[in-house]
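These notes are about the structure you will find just below.
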Amino acid sequence: MKRALLLGIAAAGAAIAAIPAMVATANGFPPPPPTTYYGKVPSGIGPGQVVIAIVSDGSSSQVCGTGATLNDSSGVVYVVDVVSNTQTEGCGQSGRTVQFYFVGARRLSTDSASWSGPGPSQKDLTNLGPALTPRNTTPQVAKDGVN
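Per our numbering, residue 3 is the first one in the sequence shown, and the count goes up by one each step.
Shown next, in the form of structure tokens:
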């Protein structure tokens, strides 16, 4: 009984010790913290909605963060963490643009932000673009020749 308990504690200790190694990037350092964008939301956006941050470089775009809207003493606000290019290819890097999409409203904010590096960044959003039309797709069936 004591031996099993000691082995369990040793295994848990080894797993905890391995966590920093799993987080480290290729150069041996942990990734930088994300940029946390926050601020007021446009009229018509309520609390509890999902906000998606989309980073683009002019030729391609990538979803790089998910956040939410909530009630604050000043009204409805949003908060979303946007990861850097070192964490996810195509994400935050100098010269890239961050756009904000409100899932419940199916609308993209007309306001955008320039990637500002790790840490907090206030960006009030004032306007929404037109509602996006969802695209319906049908499932496809394939026959690979195996009977």
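Ideal Cβ placement from N, Cα and C applies to all residues, glycine included.
Keep in mind the model is a prediction, meaning the values are calculated, not measured.
DSSP beta-bridge partners of residue i
{"i": "A70", "result": "V52, V81"}
{"i": "G94", "result": "S86"}
{"i": "S63", "result": "S58"}
Endpoints, beta strand (DSSP E) assigned at residue i
{"i": "P132", "result": "130-133"}
{"i": "L110", "result": "109-116"}
{"i": "T37", "result": "37-42"}
{"i": "P141", "result": "No beta strand (DSSP E) holds P141; DSSP gives it neither H nor E."}
{"i": "T99", "result": "99-104"}
{"i": "S123", "result": "121-124"}
Residue i to residue j span [Cα, whole Å]
{"i": "G77", "j": "I47", "result": "11 Å"}
{"i": "D74", "j": "K125", "result": "15 Å"}
{"i": "S118", "j": "G94", "result": "8 Å"}
{"i": "T128", "j": "S61", "result": "25 Å"}
{"i": "T38", "j": "Y103", "result": "15 Å"}
{"i": "R108", "j": "V43", "result": "14 Å"}
{"i": "G121", "j": "G106", "result": "27 Å"}
{"i": "R98", "j": "V52", "result": "22 Å"}
{"i": "V81", "j": "S123", "result": "10 Å"}
{"i": "V84", "j": "P36", "result": "5 Å"}
Three or more beta-carbon pairs under 8 Å between the stretch 67-74 and the stretch 107-118, yes or no? no
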